[in-house]
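Asker: Residue numbers (the numbering used here): -5 to 153.
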């Protein structure tokens, strides 16, 4: 139980790496506050964590929205009394080259993958300081280091 009594806020909780990280953190004793835009996917992740006897809460949150993020951080602290770890895992990947991706799709990717990481970290840091410090983990992707054809926005956002 290496994370016993630690509180971890994980974005992208609803699927993929966010779900896997949440399950592992719960196995290691952390209390997990999961954030996901998809209510259905977030509830499924919550069910899976609890099925493994982990402690978790789910807060439907769009990481592009500063007010929703602040509310989720506040709910996390109200629920668990502190915040020790943040995992910025929320991401969207919309395909398109520089000449065919729409401005709206470009903005959707960067607003989630970059701005969301900034907004979550900014909201969490004051609470982590109150707990004596903490750890922020920002996930990257190989596409950020080695561009992938047809994924210009995702590659830019993950480098």
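Glycine included, each C-beta is placed from N, C-alpha and C at the ideal position.
Quick one: give me the first and last residue of the alpha helix (DSSP H) that residue 43 is part of.
Answerer: 33 to 45
Asker: Do the stretch 50 to 59 and the stretch 98 to 109 meet, that is, are 3 or more Cβ pairs less than 8 angstroms apart?
Answerer: yes
Asker: Expressed to the nearest angstrom, what Euclidean distance is found between the alpha-carbon atoms of residue 82 and residue 39?
Answerer: If you take the alpha carbons of residue 82 and residue 39, they lie about 16 angstroms apart.
Asker: Would you report the Cα separation of residue 113 and residue 120, rounded to the nearest angstrom?
Answerer: 12 angstroms
Asker: Within its chain, find whatever has a CB closer than 6 angstroms to the CB of residue 53; leave out the 5 residues flanking it on each side and keep chain order.
Answerer: 29, 66, 69
Asker: Between the Cα of residue 124 and the Cα atoms of 76, 80, 109, which residue gives the shortest distance?
Answerer: 76
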